[in-house]
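Report on the structure given below.
Now the structure itself:
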């Protein structure tokens, strides 16, 4: 598989445009934003704009890892935002079960592994449900996951009884605001997930299975791949990723907001994946591309905020970026563009 | 009865059943007033849903309708407040904006072969962002023209058919006419059924696709106008998440997201089902709003599973070589 010339490698060509976009926006910031590349050590932790961007991008990065595999099978997972809300609600409720009854005092909170384990277990079930609907009931992914997208936020509100469940819990807060080796702990989680997923998809046959299911489910079934099982696992993994992202967000804001936690985040995750070169038709996965895509979106948002530009413009800029990215990836657009270029040259 | 009419009949049956259950619990639900209010309160969602039905019928998707409601309502408010335009004029401007906007979206999708999901996602960002750039705060609309429109009403029984509800019903009728009595509608069904076949048959795929998105843009702009009339204000936040409700209404109404199958009338019933659930929860008072979302999710699942089951049954009944690869799989 490995090409001798790295630059002629197919995965490099897929990464070229997103990487260029990221480099351009980083260069822009380095030249025009004061102190952008400054990273200083305070209290033994690293501080700086770049670290901040990485930290803020963590939830979307994690979602994008799961979403890459889902989109690789030709699917889509709209429910991740709602699963974030559910996972956060479960964790917050475990820490303060009496709060909803009006008791403000804390009782003995369960150990951290219980809180994290329960929240992730619930997210796993949510992902499993999506996988079941999409692969075993054979329902188009967009509607199949729409069910949980609509109902999931309702379930999260049911858990928190429509309240914003705030809490103080040192152990749990470490997930979202702690530091590990001088870096935000959330980045350790991202790095761990990314490495595990990369090894699983590139050093074992799992990646090949996912890509073949995305390319042609019928053919891969004839080739002896259990296409349904692959899809089921991919959606379950995406649910798990959403659960982890939910824990980070909830722990960071020290509260579970069933209405707003992870709102529209599924769109950012999908955008990161598509920006990174993974086609929505499935059949190819570019994990690193998705990471670059997520970092680009976060850098863009931060740039607009720090430049003092009207923050409302962020969405408009994002819209333009989406269209440009889509056009660059469109074969038809390239065809038209090259024909025009040749005519100009002649 | 045709095979693909069964979901429609099921949807109507569910709506009647839900209405009966709700009326048994709250006899007040049976009044004409409540029934007409269903149309009034869900008018902007309904108008969006009619537009989105055509998009889904052609196997596309439009995520931008909710954002367009917010964007157009705030444009109307600013045009009336700051430029002192007549609201009727403002609405006309906004409607043409909707058509142009939808036309651009459709052209991008058609000419460059871009995924509708991504293009309309960009459209959603654009419309929502433009709304916020124009004004983050809600702008009140006070104009005699608006008073005239909202005082207009056709009394039926103990209720009134408001102007807003009437617009919704007229758009639905227009949608039904377009879908079943015009070339545009037939082309939309054909493209959704199989775009390649439609092209080989010589149908004007490109212009139809662009027209479909333009129609959806028009509907969402009209929904924005209706929203401004309903609330007497423009608000950039309006219609947040409404695209998903509109898609849900179309799906509950029997439209398949794979395209080619569905009825505009079904979408109307889908919207009314969402409305009945909402009304029931409002009447009850003790039930919290999140039950609406959970109920919609459950209904979505039931309807999708039902459609899936029936399309599989029909494939098994008359096995065609062309459909076997896609439909049967390992279920037999």
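Protein chains in written order, with the numbering used here: chain A, 153 to 498; chain B, 24 to 355. The C-beta atom is built at its ideal place from N, Cα and C for all residues, glycine as well.
Exercise. Is any beta-carbon of chain B found at less than 9 Å from that of residue 432(A)?
Worked result: On the first chain, residue 432(A) is found 280 positions in, with the first residue counted as 1. True, the Cβ-Cβ gap to chain B drops below 9 Å.
Exercise. Residue 462(A) touches chain B at which residues, Cβ-Cβ below 7 Å?
Worked result: Numbered from 1 along the first chain, position 310 holds the residue referred to as residue 462(A). Correct list: 156.
For this session: Rounded to whole angstroms, what's the CA-CA distance from residue 154(A) to residue 438(A)? Just pull it up for me.
Result: Start at 1 with the first residue of the first chain, and residue 154(A) comes out as number 2. Start at 1 with the first residue of the first chain, and residue 438(A) comes out as number 286. Bear in mind that the predicted position of residue 154(A) carries a pLDDT of just 45, short of 50, making it unreliable; the figure below should be weighed with that in mind. Near 15 Å, if we compare the C-alpha coordinates of residue 438(A) and residue 154(A).
Exercise. Once you ignore the five residues that flank residue 353(B) on each side, which residues in its own chain have a CB closer than 6 Å to its CB?
Worked result: To locate residue 353(B), count along the second chain from 1; it is residue 330. Caution applies to residue 353(B), whose pLDDT of 38 falls short of 50 and renders its modelled position unreliable; the value that the coordinates give is listed next. Taken in chain order, the list of residues that qualify is empty.
Exercise. Among the residues of its own chain, which have a CB less than 7 Å from the CB of residue 96(B), if the five just before and after it don't count?
Worked result: Here residue 96(B) refers to the residue found at position 73 when the second chain is read from its first residue. Here the set comprises 247, 250, 251, 257, 258, 261.
Exercise. By Cβ distance, which residues of its chain are closer than 6 Å to residue 216(A), with the 5 residues on each side in sequence left out?
Worked result: By one-based count along the first chain, residue 216(A) stands at place 64. The residues are 421, 424, 425, 442, 446.
Problem set entry | Minimum Cβ-Cβ distance from residue 284(B) to chain A less than 9 Å | In the second chain, residue 284(B) corresponds to position 261, counting from 1. No, residue 284(B) does not count as interfacial toward chain A.
Exercise. What are the boundary residues of the beta strand (DSSP E) that includes residue 194(A)?
Worked result: Here residue 194(A) corresponds to residue number 42 of the first chain, with the count starting at 1. Looking at the DSSP string, the run of the beta strand (DSSP E) that includes residue 194(A) is 192-194.
Exercise. Can you tell which of 312(A), 435(A), 417(A), 371(A) has its C-alpha closest to the C-alpha of residue 210(A)?
Worked result: To locate residue 210(A), count along the first chain from 1; it is residue 58. The option with the nearest alpha carbon to residue 210(A) is 417(A).
Problem set entry | Among 243(A), 294(A), 202(A), 276(A), nearest to residue 139(B) - alpha-carbon criterion | By one-based count along the second chain, residue 139(B) stands at place 116. Nearest of 243(A), 294(A), 202(A), 276(A) to residue 139(B), Cα basis: 294(A).
Exercise. If you count every other CB in all the chains shown that lies within 10 Å of the CB of residue 260(A), and 16 or more means buried, which is it?
Worked result: Working through the first chain from its first residue, we reach residue 260(A) at position 108. Burial call: exposed.
Exercise. Which term fits residue 291(A), buried or exposed, when burial requires 16 or more other beta carbons within 10 angstroms of its beta carbon?
Worked result: Against the first chain, residue 291(A) aligns to sequence position 139. Classification of residue 291(A): buried, given that the 10 Å Cβ count is 16 or more.
Exercise. Which word fits residue 178(B), buried or exposed, when buried means at least 16 other C-beta atoms lie within 10 angstroms of its C-beta?
Worked result: By one-based count along the second chain, residue 178(B) stands at place 155. By the neighbour-count rule (16 or more Cβ atoms within 10 Å), residue 178(B) is not buried but exposed.
Exercise. Any beta-carbon of chain A closer than 9 Å to the one on residue 301(B)?
Worked result: Here residue 301(B) refers to the residue found at position 278 of the second chain. Cβ-Cβ to chain A under 9 Å: no for residue 301(B).
For this session: Identify each residue in the region 355-366 of chain A for which the Cβ-Cβ distance to at least one residue of chain B is less than 7 Å, and report them in chain order.
Result: none
Exercise. Mind checking whether residue 78(B) and residue 236(B) have CB atoms under 9 Å apart?
Worked result: Working through the second chain from its first residue, we reach residue 78(B) at position 55. Working through the second chain from its first residue, we reach residue 236(B) at position 213. Closer than 9 Å, so yes.
For this session: Find out if the Cβ-Cβ distance for the pair residue 70(B), residue 200(B) is shorter than 9 Å.
Result: Numbered from its first residue, the second chain carries residue 70(B) at position 47. Numbered from its first residue, the second chain carries residue 200(B) at position 177. Going by C-beta atoms, residue 70(B) is not nearer than 9 Å to residue 200(B).
Exercise. Can you list, in chain order, the residues of the region 116-148 of chain B whose Cβ is nearer than 9 Å to any Cβ on chain A?
Worked result: 131, 134, 135, 136, 137, 138, 140, 141, 142, 144, 145, 146, 147, 148
Exercise. Quick one: Cα of residue 108(B) to Cα of residue 176(B), how far?
Worked result: Stepping through the second chain from its first residue, residue 108(B) is reached at position 85. Stepping through the second chain from its first residue, residue 176(B) is reached at position 153. Taking the straight line from one Cα to the other gives about 25 Å.
Problem set entry | Limits of the alpha helix (DSSP H) - the one that residue 344(A) falls within | Counted from its first residue, the first chain places residue 344(A) at position 192. Run containing residue 344(A): 337-354, per the alpha helix (DSSP H) assignment.
Exercise. What's the C-alpha gap between residue 386(A) and residue 163(B)?
Worked result: Position 234 of the first chain, counted from the start, is the residue given in the question as residue 386(A). Position 140 of the second chain, counted from the start, is the residue given in the question as residue 163(B). Going by the C-alpha atoms only, they are around 48 Å apart.
Problem set entry | Partners in chain A for residue 275(B), counting only beta-carbon separations shorter than 7 Å | Locating residue 275(B) in the second chain gives position 252, counting from the first residue. None at all; the shortest Cβ gap to chain A is about 10 Å.
Exercise. What whole-angstrom Cβ distance do residue 73(B) and residue 242(B) have, given they're in contact under 8 Å?
Worked result: To locate residue 73(B), count along the second chain from 1; it is residue 50. To locate residue 242(B), count along the second chain from 1; it is residue 219. Indeed, because the Cβ distance is near 6 Å, the residues count as touching under 8 Å.
Problem set entry | Amino acids of chain B, ordered along the chain, whose beta-carbon sits closer than 8 Å to that of residue 309(A) | The residue labelled residue 309(A) in the question sits at position 157 within the first chain. Result: 311, 312, 313, 316.
Problem set entry | Reduced DSSP secondary structure (H/G/I, E/B, other) of residue 41(B) | In the second chain, counting from the first residue as 1, residue 41(B) sits at position 18. It is helical.
Exercise. In the region 146-200 of chain B, which residue ranges form an unbroken alpha helix (DSSP H) of at least 4 residues, counting only runs that do not cross its ends?
Worked result: 167-174
For this session: Could you check the C-alpha separation between residue 396(A) and residue 308(A) for me, to the nearest Å?
Result: Numbered from its first residue, the first chain carries residue 396(A) at position 244. Numbered from its first residue, the first chain carries residue 308(A) at position 156. Straight-line Cα distance between these residues: approximately 15 Å.
For this session: For chain B, find out if any of its Cβ atoms is closer than 9 Å to the Cβ of residue 202(A); answer yes or no.
Result: The residue you call residue 202(A) lines up with position 50 of the first chain. Chain B, which has no Cβ nearer than 9 Å to the Cβ of residue 202(A), makes this no.
For this session: Show which residues of chain B have a CB atom less than 9 Å away from the CB atom of residue 484(A).
Result: To locate residue 484(A), count along the first chain from 1; it is residue 332. By Cβ distance, chain B contributes 134, 135, 136, 137.
Exercise. If residue 63(B) and residue 276(B) are in contact, beta carbons under 8 Å, what's the gap, nearest whole angstrom?
Worked result: Along the second chain, read from residue 1 onward, the residue named residue 63(B) stands at position 40. Along the second chain, read from residue 1 onward, the residue named residue 276(B) stands at position 253. Not a contact, Cβ separation roughly 19 Å.
Exercise. CA-CA distance, residue 449(A) and residue 46(B)?
Worked result: Walking along the first chain from the start, residue 449(A) turns up at place 297. Walking along the second chain from the start, residue 46(B) turns up at place 23. Cα to Cα, residue 449(A) sits roughly 50 Å from residue 46(B).
Problem set entry | As assigned by DSSP and simplified to three states, the class of residue 261(B) | Your numbering for residue 261(B) matches position 238 in the second chain. Coil at residue 261(B), not helix or strand.
Exercise. Tell me which same chain residues have a C-beta within less than 7 Å of the C-beta of residue 440(A), skipping the five on either side of it?
Worked result: Reading the first chain from its first residue, position 288 is the one you call residue 440(A). Closer than 7 Å at Cβ, skipping near neighbours: 167.
Problem set entry | 9 Å Cβ cutoff, residue 469(A) in contact with chain B | Within the first chain, the letter at position 317 stands for residue 469(A). True, the Cβ-Cβ gap to chain B drops below 9 Å.
Exercise. Listed from N- to C-terminal order along the chain, which residues in the region 217-234 of chain A have their beta-carbon within a distance smaller than 7 Å of any beta-carbon of chain B?
Worked result: none
Exercise. Along chain B, in chain order, which residues have C-beta atoms closer than 8 Å to that of residue 305(A)?
Worked result: Within the first chain, the letter at position 153 stands for residue 305(A). In chain order: 313, 316.
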